[in-house]
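In full-length UniProt numbering, the protein residues as written are 1 to 180.
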Amino acid sequence: MKVHDNRTPHLQGSVVAIGAFDGMHLGHQAVICKAVHASKIYQVPGVVYTFDPPPRAYFQNATVLMSVDEKIEYLRKFGVEQVVIARFNEDYTQKSADRFVKELHNMHPREVLAGNNFRFGRGRSGSVELLKQYFNVNIVKPVRCMKGEVISSTRIRQLIARGQTQEVGALLGEKEGVKG
Numbered sequence: 001m002k003v004h005d006n007r008t009p010h011l012q013g014s015v016v017a018i019g020a021f022d023g024m025h026l027g028h029q030a031v032i033c034k035a036v037h038a039s040k041i042y043q044v045p046g047v048v049y050t051f052d053p054p055p056r057a058y059f060q061n062a063t064v065l066m067s068v069d070e071k072i073e074y075l076r077k078f079g080v081e082q083v084v085i086a087r088f089n090e091d092y093t094q095k096s097a098d099r100f101v102k103e104l105h106n107m108h109p110r111e112v113l114a115g116n117n118f119r120f121g122r123g124r125s126g127s128v129e130l131l132k133q134y135f136n137v138n139i140v141k142p143v144r145c146m147k148g149e150v151i152s153s154t155r156i157r158q159l160i161a162r163g164q165t166q167e168v169g170a171l172l173g174e175k176e177g178v179k180g
């Protein structure tokens with residue numbers, strides 16, 4: 001697996017999954033697996049574009065659930081071929097939505113996968129609707145636990161704070177109890 005530290009590679013084609021992917025819960029795993037599967041169909045590299053630290057940790061001082069090295073190891077296990085680690089700092093927060101789109105163009109994505117609430121660019125000015133103007137975008141629906149609640153890193157942080165580690169394990173795919 002090739003890791004691109006704070007730079008977007010020039011590729012002839014790709015399938016790109018974009019997200020913070022903090023914690024690698026079942027929702028994240030669904031996005032990544034779909035990207036890897038699509039990359040095999042298109043016969044292009046599967047790329048994960050992610051952030052270090054995750055934006056929520058940068059802006060809201062949220063607990064980071066997984067180090068960048070742990071995240072890379074997870075992505076390797078899922079068969080991701082290339083990873084872009086965007087260093088989320090003051091400079092990055094000033095990047096315009098248009099500039100982000102131009103960087104994605106460098107990878108010539110056949111498909112871009114993201115959650116429906118993905119926002120990017122200075123002031124969160126870019127959305128999946130903007131991405132759809134330039135790319136074939138696959139919006140991955142949220143994964144829910146058996147209780148019907150959306151699996152998210154925020155929810156995992158809340159469960160950890162309450163000491164509900166068994167439920168955290170289920171959201172990370174360590175036990176049954178999830179529906180897609």
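Idealized CB from N, CA, C, for every residue including glycine. Since we're looking at a predicted model, the values are computed, not measured.
Through-space distance from residue j to residue i, alpha-carbon basis
i	j	result
Lys128	Asn116	Residue 128 is actually Val in this sequence, not Lys. Taking the straight line joining both Cα atoms gives about 7 Å.
Gln94	Arg155	28 Å
Lys71	Gly27	14 Å
Leu130	Glu73	31 Å
Val44	Asp91	31 Å
Ser152	Gln158	10 Å
Asn136	Lys147	32 Å
His25	His10	29 Å
Glu174	Ile160	15 Å
Arg162	Ala114	29 Å
Val168	Val150	13 Å
Ala170	Gly23	13 Å
Gln12	Asp5	19 Å
Arg7	Cys145	35 Å
Lys132	Arg110	12 Å
Phe118	Tyr134	15 Å
Leu172	Thr165	10 Å
Ala38	Val112	10 Å
residue 202	Thr50	Limits of the chain in this structure are 1 at one end and 180 at the other, which puts residue 202 out of reach.
Contacting residues, own chain, Cβ-Cβ under 7 Å from residue i (five flanking each side not counted)
i	result
Pro55	Ala20 and Phe88
Pro53	Val64 and Phe88
Phe120	Ala97, Phe100 and Gly126
Val3	Ile72, Val83 and Ile85
His108	Leu11, Gln12, Gly13 and Ser14
Gly123	none
Val68	Asp52 and Ile85
Residues near residue i by beta carbon distance below 8 Å, same chain, minus five either side
i	result
Phe78	Gln29, Ile32, Cys33 and Val36
Residues near residue i by beta carbon distance below 6 Å, same chain, minus five either side
i	result
Val48	Ala17, Leu75, Val80 and Val83
Glu176	Its pLDDT being 43, under 50, Glu176 is placed unreliably by the model, and nothing is read from it.
According to DSSP, residues forming a beta bridge with residue i
i	result
Val168	Partner(s): none; Val168 has no beta bridge.
Residue i at chain B interface by Cβ criterion, 7 Å
i	result
Ala86	Among the chains in the structure shown there is no chain B, since it carries only a single protein chain.
Checklist entry - How about the segment 56-73 and the segment 100-109: do they share at least three Cβ pairs that are nearer than 8 Å? => result no
Next on the checklist: Counting beta carbon pairs with one atom in the segment 20-32 and one in the segment 136-148, are three or more of them shorter than 8 Å?
Outcome noted: yes
Item to check | Continuous beta strand (DSSP E) assignments of at least 3 residues falling wholly in the UniProt domain "FAD synthetase" (10-155) | outcome: 14-18, 46-52, 82-87, 109-115 and 137-140
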